[in-house]
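Below is one structure; the comments refer to it alone.
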């Protein structure tokens with residue numbers, strides 16, 4: 001693979017007119033990736049999955065270069081009809097369209113120059129890979145006091161026979177003071193056997209609000225990794241909701257640095273898995289100053305041989321007194337062969353904090369099924385009603401009504 | 416309506432019911448009284464289709480073999496069990512559940528399903544009759560309900576579903592005297608020419624308000640004595656040990 005990587009990286013550098021700074025940035029990241037390779041079980045974060053193996057079994061040999069000369073199917077992408085929205089369309093890792101048609105033009109700025117501050121970051125080898133191979137830099141700035149009227153939907157799509165087996169995309173966002181942005185990530189996989197690597201970098205200034213809903217619902221044979229890096233100033237709020245379901249493998253990592261007092265982070269999610277799908281959520285909530293709050297709730301419904309992993313970390317630094325950190329995960333295993341792994345990690349260096357965690361897993365309660373069936377529901381209906389009931393409280397955590405209803409529709413939860 | 420012939424039931428090879436016989440005709444109210452562990456709840460579980468019992472014998476409901484029917488099919492045919500311990504179902508709204516249940520039964524019978532407005536009208540009316548707090552209908556099913564409220568909810572379900580045969584499994588336990596009266600009124604309101612009841616209880620108390628046509632004494636899985644309402648009074652005086 002190393003040969004392929006080097007060839008593809010050379011082609012990449014030649015094709016795009018990167019500035020010297022960008023070139024250097026890419027080269028540094030590329031070297032780092034070569035050194036580290038794909039993550040494996042030796043890393044605590046990847047204890048439950050060997051990405052090399054997953055790629056080998058589901059994709060085979062990876063290729064990394066795409067000249068984007070092939071006509072993409074951007075016009076064929078089925079857009080969400082249920083709600084009006086701004087959109088970014090990414091095809092094979094390349095941002096093909098940015099359209100904020102519902103917004104005031106001077107309130108949103110799109111930059112293609114990378115700032116100094118993000119250049120030195122070294123998060124993990126997959127981010128190195130992303131930085132080496134992602135296309136033109138893109139940063140979206142939401143101006144002070146501006147709340148977007150409509151949500152921004154980011155479509156992640158792949159062409160049917162995409163040239164490269166691995167695609168990388170990165171978007172940076174800055175929400176200025178008191179700005180508000182809602183993002184919905186939707187996956188439109190037209191290809192099979194691809195590895196999608198997605199990286200978002202968020203800077204939340206004072207009192208800004210970010211809501212990110214990641215919806216992986218349609219069934220596909222791709223392997224995905226997504227990393228959200230969120231840096232939060234005072235009084236800012238980040239809300240992340242992950243509906244993890246359709247892909248063969250999907251690992252979502254959410255890193256929140258609570259840097260300002262009274263900032264808060266919410267990470268909620270549902271694993272709704274079937275067949276042999278394997279999905280993970282890894283969160284790192286870093287409470288770094290006083291009076292910050294985090295809340296995490298993850299619910300799983302696991303069929304057949306599916307496997308879900310939730311590793312929720314709450315880190316509380318010695319300065320972060322009065323931290324309020326909470327995490328809970330519950331799983332229903334619908335088959336003897338399904339598997340749920342929860343690994344709560346609490347690392348606390350302050351003494352005046354409130355932190356708790358809990359996890360449970362079990363099968364559907366047969367007595368409850370009998371109760372519902374004795375009222376005329378068949379087994380399937382009874383099971384569905386119980387599962388919907390089980391998922392309801394995490395769905396209710398979604399603070400955006402429009403998006404909550406969209407997700408309820410997708411899950412078939414009716415009231 | 417219901418014919419039970421030589422019904423025997425075992426659970427993990429332990430015999431619970433033995434050669435149990437009972438016939439209930441349309442419009443009749445039967446009470447089964449018995450001490451703890453006599454097989455009362457097993458009987459109601461078997462009639463409503465709970466799994467986990469090895470049974471022999473025959474049960475006919477309107478001349479159809481009951482054992483050939485799934486739990487939900489029994490509900491569709493008009494059998495209702497008011498649970499001794501109604502279950503809490505988190506995340507499921509009581510109203511939604513009631514409507515789903517009623518419409519599942521109507522659909523199976525080929526009747527027209529109720530829309531939201533028709534349903535709400537019906538449920539409000541029934542809740543009022545049973546003095547059931549309407550606000551609770553918007554809550555999760557039985558979650559946070561008191562014991563009495565759960566039992567009332569069972570009777571509310573019964574009155575909405577209007578079954579042919581209602582089995583009340585110790586519905587009186589956990590009820591205060593006012594709730595007991597309300598529940599009894601609810602049952603009495605459903606007493607019609609074609610609706611039958613099987614009331615399972617420890618105590619004679621409930622039978623003061625719901626007058627049974629027949630009383631049976633169940634001991635060690637067998638009916639040892641049957642009679643009219645006076646048998647309940649006799650039991651109350653003598654206790655189960657001295658009846659024969």
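Residue numbers (this note's numbering), protein chains in the order written: chain V, 1 to 415; chain X, 416 to 659.
Cβ coordinates follow ideal geometry from the N, Cα and C atoms, glycine included.
Of all the options 218/V, 274/V, 212/V, which has the alpha carbon lying nearest to the alpha carbon of residue 254/V? As a working note, residue 254/V is residue 254 in the first chain. Minimum Cα distance to residue 254/V is reached at 212/V.
Using the Cα positions of residue 65/V and residue 163/V, report the straight-line distance between them to the nearest angstrom. The residue given as residue 65/V occupies position 65 in the first chain. The residue given as residue 163/V occupies position 163 in the first chain. Rounded to whole angstroms, residue 65/V to residue 163/V spans 7 Å at the Cα level.
Which complete beta strand (DSSP E) runs does the stretch 342 to 370 of chain V hold, if anything under 3 residues is left out? 345 to 348, 354 to 362
Pop quiz: residue 578/X and residue 446/X are said to be a contact at Cβ under 8 Å. What is the actual Cβ separation, rounded to whole angstroms? For this step, residue 578/X is matched to residue 163 along the second chain. For this step, residue 446/X is matched to residue 31 along the second chain. Wrong, their Cβ atoms sit about 17 Å apart, outside the cutoff.
Whole-angstrom distance between residue 537/X and residue 288/V, CA atom to CA atom: Translated into positions along the first chain, residue 288/V becomes position 288. Translated into positions along the second chain, residue 537/X becomes position 122. So the two alpha carbons sit approximately 56 Å from each other.
Can you name the residues of chain X whose CB is closer than 9 Å to the CB of residue 359/V? For the purposes of this step, residue 359/V is identified with residue 359 of the first chain, where counting begins at 1. What residue 359/V touches in chain X: nothing, since even the nearest Cβ is about 17 Å away.
Can you tell me the Cα-Cα spacing of residue 518/X and residue 462/X, whole angstroms? If you number the second chain from 1, residue 518/X lands on position 103. If you number the second chain from 1, residue 462/X lands on position 47. Each residue's Cα considered, the two are about 22 Å apart.
With respect to the beta strand (DSSP E) encompassing residue 204/V, which residues constitute its N-terminal and C-terminal limits? Translated into positions along the first chain, residue 204/V becomes position 204. Element bounds for residue 204/V: 195 to 204.
List the residues that DSSP assigns as beta-bridge partners of residue 310/V. Looking up residue 310/V in the first chain gives position 310. Partner(s): 281/V, 342/V.
Across the stretch 350 to 364 of chain V and the stretch 319 to 332 of chain V, are there enough close Cβ pairs to call them in contact, namely three or more that are closer than 8 Å? yes
So with CB distances below 7 Å, who are the chain V contacts of residue 520/X? Taking the second chain and counting its residues from 1, the one referred to as residue 520/X is at position 105. Going along chain V in sequence order, the residues near residue 520/X (Cβ under 7 Å) are 376.
In its own chain, which residues sit with a C-beta less than 6 Å from the C-beta of residue 369/V, not counting the 5 before and 5 after it? Residue mapping note: residue 369/V aligns to position 369 of the first chain, counting from 1. Counting only Cβ-Cβ distances below 6 Å, and skipping sequence neighbours, we find 382.
Beta-carbon proximity list for residue 520/X, same chain, < 7 Å, skipping 5 on both sides: Sequence index remark: in the second chain, residue 520/X carries index 105 (1-based). By the criterion of a C-beta distance shorter than 7 Å, residue 520/X is surrounded in its chain by 490, 491, 576, once the five residues flanking it on both sides are discounted.
Residues bridged to residue 250/V by DSSP? What you label residue 250/V is simply residue 250 of the first chain in a count that begins at 1. Residue 250/V pairs with 224/V, 279/V.
Check each residue of the stretch 386 to 401 of chain V: if its Cβ is closer than 8 Å to any Cβ of chain X, include it; give the result in chain order. 386, 388, 389, 390, 391, 392, 393
Reducing DSSP to helix, strand and coil, say where residue 422/V ends up. There is simply no residue 422/V to check, as chain V begins at 1 and stops at 415 in what is shown.
Taking 7 Å as the CB-CB cut-off, is residue 329/V touching chain X? Taking the first residue of the first chain as 1, we reach residue 329/V at position 329. Judged by the 7 Å Cβ criterion, residue 329/V is not in contact with chain X.
Jot down the residue ranges of each uninterrupted beta strand (DSSP E) in the stretch 459 to 536 of chain X, minimum 3 residues, whole runs only, in chain order. 469 to 476, 494 to 497
Mark residue 43/V as exposed unless 16 or more other C-beta atoms lie within 10 angstroms of its C-beta, in which case mark it buried. For this step, residue 43/V is matched to residue 43 along the first chain. It is exposed - the Cβ of residue 43/V has fewer than 16 other Cβ atoms within 10 Å.
Nearest to residue 476/X (by Cα), restricted to the options 547/X, 553/X, 548/X, 417/X: Numbered from 1 along the second chain, position 61 holds the residue referred to as residue 476/X. Of 547/X, 553/X, 548/X, 417/X, the residue nearest in Cα terms is 417/X.
Determine contact between the stretch 278 to 296 of chain V and the stretch 261 to 268 of chain V, defined as no fewer than three beta-carbon pairs at a distance below 8 Å. These segments touch.
How many angstroms separate the CA atom of residue 102/V from the CA atom of residue 149/V? Within the first chain, residue 102/V is the residue found at index 102, counting from 1. Within the first chain, residue 149/V is the residue found at index 149, counting from 1. Taking the straight line joining both Cα atoms gives about 7 Å.
Is the beta carbon of residue 278/V less than 7 Å from the beta carbon of residue 241/V? Counting from 1 along the first chain, the entry for residue 278/V is found at position 278. Counting from 1 along the first chain, the entry for residue 241/V is found at position 241. Cβ distance not < 7 Å, so residue 278/V and residue 241/V don't count as in contact.
Secondary structure, alpha helix (DSSP H): runs of 4+ residues fully inside the stretch 135 to 188 of chain V: none
Contact criterion: CB-CB distance below 7 Å. Does residue 525/X meet it with respect to chain V? Along the second chain, one-based indexing puts residue 525/X at 110. So, not an interface residue.
Counting pairs of Cβ atoms below 8 Å between the stretch 590 to 600 of chain X and the stretch 420 to 432 of chain X, do you hit three or more? Verdict: no, contact absent.
Cα-Cα separation, residue 623/X to residue 590/X: Taking the first residue of the second chain as 1, we reach residue 623/X at position 208. Taking the first residue of the second chain as 1, we reach residue 590/X at position 175. Roughly 14 Å separates the two Cα atoms.
Give me the chain V residues within the contact set of residue 515/X, using Cβ-Cβ distance strictly less than 9 Å, ordered along the chain. Locating residue 515/X in the second chain gives position 100, counting from the first residue. Under the 9 Å cutoff, chain V gives 372, 375, 376, 377, 381, 385.
Could you work out which residue in 555/X, 539/X, 441/X is closest to residue 549/X when comparing CA atoms only? Numbered from 1 along the second chain, position 134 holds the residue referred to as residue 549/X. That would be 539/X, whose Cα lies nearest to the Cα of residue 549/X.
How would you label residue 638/X, buried or exposed, when you count the other beta carbons within 10 angstroms and need 16 or more for buried? Indexing the second chain from 1 puts residue 638/X at position 223. So residue 638/X ends up on the buried side.
Would you report the Cα separation of residue 168/V and residue 224/V, rounded to the nearest angstrom? Residue numbering aside, residue 168/V sits at position 168 when the first chain is read from its first letter. Residue numbering aside, residue 224/V sits at position 224 when the first chain is read from its first letter. Each residue's alpha carbon lies about 10 Å from the other.
Give a yes or no on whether 7 Å exceeds the smallest Cβ distance from residue 507/X to chain V. Here residue 507/X is taken as the residue at index 92 of the second chain, counted from 1. Residue 507/X counts as touching chain V.
Any Cβ of chain C within less than 7 Å of the Cβ of residue 463/X? Note that chain C does not occur in the displayed structure, where the protein chains are V and X.
Measuring CA to CA, which of 138/V, 98/V, 86/V, 134/V is closest to residue 111/V? The residue labelled residue 111/V in the question sits at position 111 within the first chain. For residue 111/V, the nearest C-alpha among the options comes from 138/V.
With a threshold of 7 Å between beta-carbons, can residue 367/V be considered close to chain X, or not? Position 367 of the first chain, counted from the first residue, corresponds to residue 367/V. It does; some Cβ of chain X falls within 7 Å.
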